[in-house]
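Data first, discussion second: the structure below is written as structure tokens.
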Amino acid sequence: MSKVRVRFAPSPTGPLHLGGARTALYDYLFAKNTGGDFVLRIEDTDTTRFVPGAEEYIMEALEWCGIVPDESPKHGGPYGPYRQSERRAIYDQYTEEILKTDFAYIAFDTAEELESIRNEYEAKGEVFSYDNKTRGYLKNSISLSEKEVQELLEKKTPFVVRFKMPFDRVLNLEDIIRGKFSVNTNTLDDKVLVKNDGMPTYHFANIIDDHEMKISHVIRGEEWLPSMGLHILLYEAMGWEAPEFAHLSLILKPEGKGKLSKRDGDKFGFPVFPLDFKDPITGVVSKGYREEGYLPEAFVNFLALLGWSPANDKEILSLEEMTKEFDLYKVHKAGARFSKEKAEWFNHQYLQKKTDEEVVALLINSRPEIADENREKLLAIVRLMKERATFPKDIFESGKFFFVAPTTYDEKASKKAWNVDTPTILTSLIEKIKNTDPFSAENIQESLHQLSEEQSVGMGKVMMPLRLSLVGELKGPDVPDMMEILGKEECINRISNALKNIQ
Ligand code: GLU
1299 MSKVRVRFAP SPTGPLHLGG ARTALYDYLF AKNTGGDFVL RIEDTDTTRF
1349 VPGAEEYIME ALEWCGIVPD ESPKHGGPYG PYRQSERRAI YDQYTEEILK
1399 TDFAYIAFDT AEELESIRNE YEAKGEVFSY DNKTRGYLKN SISLSEKEVQ
1449 ELLEKKTPFV VRFKMPFDRV LNLEDIIRGK FSVNTNTLDD KVLVKNDGMP
1499 TYHFANIIDD HEMKISHVIR GEEWLPSMGL HILLYEAMGW EAPEFAHLSL
1549 ILKPEGKGKL SKRDGDKFGF PVFPLDFKDP ITGVVSKGYR EEGYLPEAFV
1599 NFLALLGWSP ANDKEILSLE EMTKEFDLYK VHKAGARFSK EKAEWFNHQY
1649 LQKKTDEEVV ALLINSRPEI ADENREKLLA IVRLMKERAT FPKDIFESGK
1699 FFFVAPTTYD EKASKKAWNV DTPTILTSLI EKIKNTDPFS AENIQESLHQ
1749 LSEEQSVGMG KVMMPLRLSL VGELKGPDVP DMMEILGKEE CINRISNALK
1799 NIQ
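Numbering (the working numbering), first residue to last: 1299 to 1801.
If you want it as structure tokens, here you go:
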């Protein structure tokens, strides 16, 4: 068998959706699992849908995931250029070639003419299709005489090139994921292959490039399954061997029904894009997993398992492990339901695997305002709070009191924790604290016990107002641990403040 070569071929029409990112990942995993090449090709022939910044976004998103192409517009390679807009000369040559076969013809119908025919059909309750039943009545090189065609060409009348779909042929197709199925060509229309500006459409450019770039396997979203028949016939028309095809199922909404769409992220409260994307025209920002605090390892891991599971049902796998175990033939035929909870679970798992130093760096990254805090203090906070965090920012949010002293005190908590003898208890506590050396969690614990005995009050009567003084509410980790990190002076200040402010 010739070398495996797969390509991810996005159109730069916006940010990469989760489904697109998963296609790229499966392309990559299959290529690397089989010792093959992974090619990134930018399909930008449709200038009307071009979005500035989308190509850069796609590259950055793949890079963030750790998916490095062997060949791409950025990395170069032996089959470039890898941007379709730069391959016009190649397409021109094949346009000439396909016109010499019986699989293509030129058509002069204008957009307005086709529109009015479409409307006539609609008025009759029918749907117009440019195909083997209608082409004989339309304005093209099949219906017109050679002389008429010549005249139109001399007058520089704009034309498109259309595929001449064969009449009543049954195509027996085979897809790696979906198995065998057949399509009758009478259900397919005469697709435009080359537009009137000479640029090929997706279908034509796509098969030319897959052939030229020696692509062995086409792995793509199931929305392209209906085009497979046309593509197979295009290979036949050109006399080329077709690659193998694998059409991936949809990623479904959390409730399990319907495709997860670009707008669903806002609705369900999770991102549907790898990175934040700011629409250059509307200025609207769509949220990304990276900015939300996901680790790329977690993102790639949960994405890979949306549609594939390794043999032993292992869940936590690095990109290297996935590469070893990935099997395109075991990718699920059914759609994969997206679960926010599961995505968060993966992030939690990967966050726990990070060293405290790494988490400190992530925490600072998500909260630059704490960059100047004492390193040891940050490490101690992370050590104490990491276990309960899903995202690095959680550590800041649930441990805010480590960085800012409370200025207000939760009313309900104050009622519950503060009573007439609290001021006496806390005033003695300040004295106790002054003599607690070294100021370690263990010694603090001991001092608190002594105080409760000396004052003949239960531990609750000491701990609750103390916690309220330090945090501003009755939340947070173990009090002595927290006090050690805050330090003696800060604890005394906070208790004194509470004594002044809580009645
Ligand atoms: N440019 C197409 C897309 O963005 C590629 C489809 C294919 O992989 O053939 O979906």
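We put the beta carbon where it would ideally sit given N, CA and C, even for glycine.
With 7 Å as the limit, the residues whose C-beta approaches any heavy atom of the ligand GLU more closely are A1307, P1308, S1309, E1341, Y1500, N1504, V1516, R1518, G1519, W1522, in sequence along the chain. In this structure, I1723 lies away from Q1748, with their beta-carbon atoms at least 8 Å apart. According to the DSSP assignment, Y1403 belongs to the beta strand (DSSP E) that extends over 1402 to 1405. By alpha-carbon distance to K1631, the top candidate from N1504, F1694, L1550, K1698 is L1550.
Three or more Cβ pairs drawn from the stretch 1414 to 1434 and the stretch 1475 to 1494 lie within less than 8 Å of each other, which places the two stretches in contact. In this structure, I1365 places its C-beta atom within 8 Å of the C-beta atom of A1322.
The DSSP-derived three-state label of S1443 is coil. Contact between R1518 and H1545 is confirmed by a C-beta separation of about 6 Å, below the 8 Å threshold. The beta-carbon distance between A1405 and F1457, rounded to whole angstroms, is 6 Å. This is short enough to meet the 8 Å contact definition. A direct Cα-Cα distance of roughly 23 Å separates S1664 from K1773. Of the other Cβ atoms in all chains shown, fewer than 16 fall within 10 Å of the Cβ of S1559; this residue is therefore exposed. Given a length threshold of 4 residues, each whole run of the alpha helix (DSSP H) inside the stretch 1712 to 1762 is given here in chain order: 1720 to 1732, 1739 to 1752. In this structure, DSSP gives N1430 a state outside helix and strand, which the three-state scheme calls coil.
Judged by DSSP in its simplified three-state form, G1334 adopts coil rather than helix or strand.
One Cα belongs to G1605, the other to D1564, and the distance between them is close to 23 Å. Counting only residues of its own chain and dropping the five nearest sequence neighbours on each side, R1305 has a CB closer than 6 Å to the CB of V1337, R1339, I1513.
Counting along the chain, V1516 sits inside the beta strand (DSSP E) bounded by residues 1515 to 1519.
For G1477, no alpha helix (DSSP H) segment is defined; the enclosing uninterrupted segment is the beta strand (DSSP E) at 1477 to 1482. Around the CB of P1578, fewer than 16 other CB atoms lie within 10 Å, so the residue is classed as exposed.
Burial state of N1610 is exposed, judged by a 10 Å Cβ sphere holding fewer than 16 other Cβ atoms. Taking 8 Å as the cut-off, the Cβ atoms of P1552 and R1635 count as close.
Taking all protein chains in view, the Cβ of S1480 is surrounded by fewer than 16 other Cβ atoms within 10 Å, so the residue is classified as exposed. In the displayed model, D1654 falls within a helix according to three-state DSSP. Looking at the DSSP output, A1535 bridges to nothing. By the criterion of a C-beta distance shorter than 6 Å, W1716 is surrounded in its chain by P1763, I1800, once the five residues flanking it on both sides are discounted. E1446 and A1387 have their C-alpha atoms spaced approximately 28 Å apart.
Taking the CA atoms as reference points, C1363 sits about 20 Å from T1311. If you draw a straight line from the Cα of E1667 to the Cα of F1701, it comes to about 10 Å.
When beta bridges are read from the DSSP output, K1557 appears opposite L1550. Judged by DSSP in its simplified three-state form, D1507 adopts helix. It is roughly 22 Å from the alpha-carbon of K1628 to the alpha-carbon of A1641. A distance of 8 Å or more separates the beta carbons of F1566 and A1596.
Between R1460 and Y1428, the CB-CB gap stays under 8 Å.
When rounded, the separation of the alpha-carbon atoms in Y1377 and S1370 is 9 Å.
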